[in-house]
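Protein chains: 2
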Amino acid sequence: MRNRSIRIERVFHALGDSTRRAILDRLVDAPASVSKLAEPLGITVTAVMQHLQILEEAKLVHTEKTGRVRTCRIEPAGFDALEEWVRAHRTAWERRLDRLGELLAEEDAG
Amino acid sequence: MRNRSIRIERVFHALGDSTRRAILDRLVDAPASVSKLAEPLGITVTAVMQHLQILEEAKLVHTEKTGRVRTCRIEPAGFDALEEWVRAHRTAWERRLDRLGELLAEEDAG
DNA sequence: ACAATACTGAAGTATTTACTTGACAATTTC
DNA sequence: GAAATTGTCAAGTAAATACTTCAGTATTGT
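For the protein sequence lines, the chains are A and B, in the order given.
Position 105 of the first sequence, counted from 1, bears residue number 784 in my numbering, the numbering being contiguous throughout.
Position 21 of the second sequence, counted from 1, bears residue number 700 in my numbering, the numbering being contiguous throughout.
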């Protein structure tokens, strides 16, 4: 079994904010420094740092500081966890509908 | 082109709360009334109503009132939008990594 | 008709959250 | 080594959010 222990809680919390999603949108194109991320968002570097912390906890972003600049990149683990969650819920729901369908078919036949 | 106009904004906002996710978990198993949803959550029916409104706006849940009871069911549209978003972001990111790989390979060769 | 059930609406509260400011630390660059 | 760049820390604020209570309104059962 793969390490699925990334708390989906954190992933959803992280993605629940539009600024953080904007950060992800940006990082999908290319890695960026904290100040480069802040610039188009019109918020302070401090604010971006706070968002980055949440994104890191959700394993949606990985950051690394070399010298005085912190480089931020997409990390796929959080996305994996999210996709997994959606898939699990959808299939559970579809299975139920199938069972329901069978029951109705039986009723019709009987 | 399919109807993708469900605001992903709303989907993420809806899923950003653990009580709402618990409601979804419950509805995946079976449809339920508002009071049945409230019972195991230990919150008032009013609170559940407020959550349901948000889940409906995100098209994750559909509710329908017949008589005095409102029945709540999973609606797949919101899940579709979510899956779509994850996939789009992942592929964009992977495409970039591929381009980067090619560039590095060229550098090595040259 | 009356009581019980199931939800709805308005209004209030306490906490969380996104953001700021301002002071500071660590690199680069000149 | 002085000055600019880039990030970090602590503390504060205003708005959003998840709840609550209480007072209704339909609908159903006796």
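Built from N, CA and C at the ideal position, the CB exists for glycine as well.
What you are looking at is a predicted structure, and each value in this text was computed from that prediction instead of being measured.
Residue range of the unbroken alpha helix (DSSP H) whose run includes residue i
{"i": "Lys-738 (chain A)", "result": "Looking at the DSSP string, Lys-738 (chain A) is not in any alpha helix (DSSP H), and its letter there is neither H nor E."}
{"i": "Arg-752 (chain B)", "result": "That residue, Arg-752 (chain B), is in no alpha helix (DSSP H); its beta strand (DSSP E) goes 748-753."}
{"i": "Arg-689 (chain A)", "result": "687-694"}
{"i": "Ala-709 (chain B)", "result": "Segment: none, Ala-709 (chain B) is in no alpha helix (DSSP H) and carries neither H nor E."}
Short CB-CB distance (under 8 Å) between residue i and chain A
{"i": "Ala-709 (chain B)", "result": "yes"}
{"i": "Val-765 (chain B)", "result": "yes"}
{"i": "Leu-644 (chain B)", "result": "Not covered by the structure: residue 644 (chain B). The range shown for chain B is 680 to 789."}
{"i": "Glu-688 (chain B)", "result": "yes"}
{"i": "His-768 (chain B)", "result": "yes"}
{"i": "Ile-722 (chain B)", "result": "no"}
{"i": "Arg-681 (chain B)", "result": "Since pLDDT at Arg-681 (chain B) reaches only 42, below the 50 mark, its modelled position is unreliable, and the value read off the structure follows with that caveat. It does not; no Cβ of chain A falls within 8 Å."}
Start-to-end residues for the beta strand (DSSP E) that takes in residue i
{"i": "Thr-723 (chain B)", "result": "Where Thr-723 (chain B) is concerned, there is no enclosing beta strand (DSSP E), given that its DSSP letter is neither H nor E."}
Chain B contact for residue i (CB, 8 Å cutoff)
{"i": "Pro-719 (chain A)", "result": "no"}
{"i": "Ala-784 (chain A)", "result": "no"}
{"i": "Glu-735 (chain A)", "result": "no"}
{"i": "Ser-697 (chain A)", "result": "yes"}
Listed by chain order, chain B residues near residue i by CB distance under 7 Å
{"i": "Ala-701 (chain A)", "result": "Those within 7 Å of Ala-701 (chain A) in chain B number zero; the least Cβ separation is about 11 Å."}
Contacts of residue i in chain A (Cβ-Cβ under 8 Å)
{"i": "Ala-771 (chain B)", "result": "Val-707, Asp-708"}
{"i": "Arg-775 (chain B)", "result": "Val-707, Asp-708, Ala-709"}
{"i": "His-630 (chain B)", "result": "Not covered by the structure: residue 630 (chain B). The range shown for chain B is 680 to 789."}
DSSP state of residue i mapped onto helix, strand, coil
{"i": "Thr-745 (chain B)", "result": "strand"}
Chain-ordered chain B contacts of residue i [CB-CB under 8 Å]
{"i": "Leu-694 (chain A)", "result": "Phe-691, Leu-694, Gly-695"}
### Task
State whether the region 710-719 of chain A contacts the region 684-700 of chain A, with contact taken as three or more CB pairs (one from each stretch) at a distance under 8 Å.
Short answer: they don't touch.
### Task
Check whether the region 761-776 of chain B touches the region 741-758 of chain A, taking contact to mean three or more Cβ pairs, one atom from each stretch, closer than 8 Å.
yes
### Message
Does the region 729-746 of chain A come into contact with the region 732-749 of chain B, if we say contact requires no fewer than three beta-carbon pairs (one atom in each stretch) closer than 8 Å?
### Response
no
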